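Q: Let me give you the structure first, and then I'll get to my questions.
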Amino acid sequence: MRASSPERWQQVLANSAYADALRSRDSSINAFLEIDTDRRHSHGDGTSPAAAGPLAALPLAVKDNIAVRGFGLTCGSRILANHISPYDATVVARLVAAGMVPVGKTNLDEFGMGSATEHSIAGPTNNPWDADRVAGGSSGGSAAAVAAGMVPLALGTDTGGSVRQPAAFCGIYGLKPTYGTLSRYGLVAYASSLEVAGLLSRDLAILRAAYEAASGADVMDQTSVSLPDAASRPSDEVRRVAFLGGELGLDQRTAAAYRRMRDVVAATGAAVEDIELVTAEAVVPAYYTIAAAEASANLARFNGVRYGERPVFAENPEALVRQARTEGFGDEVKLRILLGTYVLRSGFQEQYYQRAQRVRTAIRRELASVFARHDLLVLPVYPTAAFRHGEAELTAFQQKLADRFTTLANLAALPALSVPGGVCDGLPVGIQAIGPAFSEARLMRFAELAAAELPPQRPPGYEIELCDEVIPGGRT
Ligand code: GLN
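Here is the structure:
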């Protein structure tokens, strides 16, 4: 499979047909909230001599909870419907410095809360593999845009799986890096202690180059860290690999893909062992307690005064705030804010929030002991492949329970990579590897091993990239 080449995209970006082609390909998917290919926002054209590397002239799609100067920043929410960002997030600025050109903002669940990209003022995003199914969430627009060949790389955020799960549903790679290695400056915060910016691509070389370009300490984010030098980072060896044993509650497609991945890894000569995690049952309750608590504090700034649409008229300041929030937030966001304020109530903190923090420590310790014996832990991303729109197949509550495999890495602040695990019965299935802190190179090595047997595939109808379509006769 040919990698996206910068020269080809350079021609495409200079070609006015690109915007139209992007829009027409997006009409059945609804991945984008905003498309701009005219460089209205003067982010450079990717041709500066400083940017001659592997990312030069590649178009970049950015999830709409990450700031790009001059673009909207709606977070999929009515309360920010008219908000334009005056600045670039650090991750965006670094990718632009490496030559990338932001071309649009992608759809998401409101403020990143959800697993299906259905809670958005812009309506749902459809999965390019089957438009009746969800693209996953909350970075569903970013995943669908990459899977449908509209852009070679997209940015997302992963608080509890929002990069890996849509990547899995759309058949591409999704990297949730080690907490702190990608600056959060310019990300609209949902749950600060859990979330990271993440990268989605179908091309491992681009994913790796983007991680290298975007990572590292940032003075604007005190939780950001520099990567340790190469000698002190975990090696990229994949020799001892843990899988989860026991009953995992997977659908048929996912169970088959997980077994297959175990065979693929074993065939590389790695020692494969099935383990069980004693903290497994407590992962989802701990995640939702902490995430909701942090969300209720982070979203307090959207009150129609500091941020957010302000009602035209209100009797008094209290009524103004109430009206702004009642009208501005969707139901899922309100649910999380109520849950968060509930678990933080005075007198109840010990019962819920503090207890969840202790579970979080136990999860970290258990994973540390796994990585004392194994190089990687390989597990499903989600118990099902992409499900149908609406709640007929998975209710909102079941969707939350299904976050049990992804939220683990967020609670433990560890890196995880979702890789294509084959296409079963017409739908892609993703399998993820989690590694110790700063083991991104090892995760990519795992992805290469898997790709030798299970290369990423394109959804039917989207076999070629948009750049091949836009450059007449450009297909090679
Ligand atoms: N589904 C999870 C949630 O709704 C994950 C969201 C995310 O990673 N942003 O909280």
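Using my numbering, the first residue of the sequence shown is number 16, and each one after it goes up by one.
All C-beta atoms in this analysis are idealised placements derived from N, C-alpha and C, irrespective of residue type, glycine included.
From a predicted model like this one, the values you see are computed outputs, not experimental measurements.
Are the Cβ atoms of residue 253 and residue 423 separated by less than 7 Å?
A: Taking the sequence shown and counting its residues from 1, the one referred to as residue 253 is at position 238. Taking the sequence shown and counting its residues from 1, the one referred to as residue 423 is at position 408. No. Outside cutoff.
Q: Which residues does DSSP list as the beta-bridge partners of residue 233?
A: Sequence index remark: in the sequence shown, residue 233 carries index 218 (1-based). Residue pairing for residue 233: DSSP places it in a beta bridge opposite 236.
Q: Indicate the three-state DSSP secondary structure (helix, strand or coil) for residue 491 in the structure shown.
A: Numbered from its first residue, the sequence shown carries residue 491 at position 476. With a pLDDT of 46 at residue 491, under the threshold of 50, the modelled position of this residue cannot be trusted, and the question is left open.
Q: Touching or not, the region 401–418 and the region 305–325, by the rule of three or more beta carbon pairs under 8 Å?
A: no
Q: For residue 427, which option in 294, 184 and 215 has the closest C-alpha, if you only look at C-alpha atoms?
A: Position 412 of the sequence shown, counting from 1, holds the residue named residue 427. Nearest C-alpha to residue 427: 294.
Q: Helix, strand or coil for residue 31, going by three-state DSSP, please let me know.
A: Position 16 of the sequence shown, counted from the start, is the residue given in the question as residue 31. If DSSP states are grouped into helix, strand and coil, residue 31 belongs with coil.
Q: From the DSSP output, in three-state form, read off residue 289 for me.
A: Residue mapping note: residue 289 aligns to position 274 of the sequence shown, counting from 1. Looking at residue 289 - three-state DSSP - the assignment turns out to be strand.
Q: What is the residue span of the alpha helix (DSSP H) that residue 444 lies within?
A: For the purposes of this step, residue 444 is identified with residue 429 of the sequence shown, where counting begins at 1. From DSSP, residue 444 is part of no alpha helix (DSSP H) but of the beta strand (DSSP E) over 442–449.
Q: So residue 368 packs on residue 359, CB below 8 Å; how close in whole Å?
A: Within the sequence shown, residue 368 is the residue found at index 353, counting from 1. Within the sequence shown, residue 359 is the residue found at index 344, counting from 1. The Cβ separation is near 6 Å, so the contact holds.
Q: Could you name the residues that DSSP lists as bridge partners for residue 191?
A: The residue given as residue 191 occupies position 176 in the sequence shown. Its beta-bridge partners are 431.
Q: Would you list the residues sitting across from residue 310 in a DSSP beta bridge?
A: For the purposes of this step, residue 310 is identified with residue 295 of the sequence shown, where counting begins at 1. DSSP output for residue 310 lists no bridge partner at all.
Q: So, for residue 19: in the same chain, excluding its five sequence neighbours on each side, which residues have a beta-carbon less than 8 Å away from its beta-carbon?
A: Sequence index remark: in the sequence shown, residue 19 carries index 4 (1-based). Closer than 8 Å at Cβ, skipping near neighbours: 73, 167, 218, 221, 480 and 482.
Q: Is the number of C-beta pairs between the region 448–456 and the region 387–401 that are closer than 8 Å three or more?
A: yes
Q: Whose C-alpha, out of 48, 27, 94 and 23, is nearest the C-alpha of residue 337?
A: The sequence position of residue 337 within the sequence shown is 322, counting from 1. Per the Cα distances, 94.
Q: Considering Cα atoms alone, identify which of 118, 131, 146 and 113 is closest to residue 476.
A: Your numbering for residue 476 matches position 461 in the sequence shown. Of 118, 131, 146 and 113, the smallest CA-CA separation from residue 476 is found for 146.
Q: Report all residues from its chain with a CB closer than 8 Å to the CB of residue 213; omit the five preceding and five following residues, and keep chain order.
A: Here residue 213 corresponds to residue number 198 of the sequence shown, with the count starting at 1. Within the same chain, 154, 170, 171, 172, 173, 177, 178, 179, 189, 190, 191, 192 and 197 come within 8 Å of residue 213 by CB-CB distance, once the 5 residues on both sides are set aside.
Q: Could you give the C-beta distance for residue 123 and residue 229, rounded to a whole number, given that I count them as a contact under 8 Å?
A: Position 108 of the sequence shown, counting from 1, holds the residue named residue 123. Position 214 of the sequence shown, counting from 1, holds the residue named residue 229. Wrong, their Cβ atoms sit about 19 Å apart, outside the cutoff.
Q: Decide if the region 85–103 is in contact with the region 117–133; the criterion is three or more beta carbon pairs, one per stretch, under 8 Å apart.
A: yes
Q: What are the boundary residues of the alpha helix (DSSP H) that residue 47 is part of?
A: Locating residue 47 in the sequence shown gives position 32, where the first residue counts as 1. Premise fails: residue 47 lies in the beta strand (DSSP E), 47–50, not in any alpha helix (DSSP H).
Q: Spatial neighbours of residue 113 within its chain, please: C-beta separation below 7 Å, excluding the five flanking residues on both sides.
A: Taking the first residue of the sequence shown as position 1, residue 113 is located at position 98. So the qualifying residues of the chain are 66, 68, 70 and 228.
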